[in-house]
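In this note's numbering, the protein residues as written are -14 to 67.
Comments concern the structure below.
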């Protein structure tokens, strides 16, 4: 009898726990946290793969202009600086 009461109590507790988790709606914070975690998993290894001496790279205006003029799309253009 005592074992049956404990078993029924455990099953009821498990059932209520499963129902409570099934009806939880994701909050804004949990959605953003999940997205940020995904981005971190992709971005951190990529950043760690870059050599340290390349972190200071910044394209100059001439190299940027050369890229834009060689780009196949005519919709990309830089405003004139003169």
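Just so it is clear, CB atoms sit at the ideal spot from N, CA and C, and this is done for glycine as well.
Open item on the list: If you reduce the DSSP assignment to three classes, tell me which class residue 26 lands in.
Closed with: helix
- [ ] Mind checking which residues open and close the alpha helix (DSSP H) that includes residue 54?
- [x] 46 to 55
Open item on the list: Measuring only the C-alpha atoms, how far is residue 17 from residue 41?
Closed with: 30 Å
Open item on the list: Please report the straight-line C-alpha distance between residue 23 and residue 14, rounded to a whole angstrom.
Closed with: 14 Å
TODO: Whole angstroms is fine: what's the gap from residue 32's alpha carbon to residue 26's?
DONE: 11 Å
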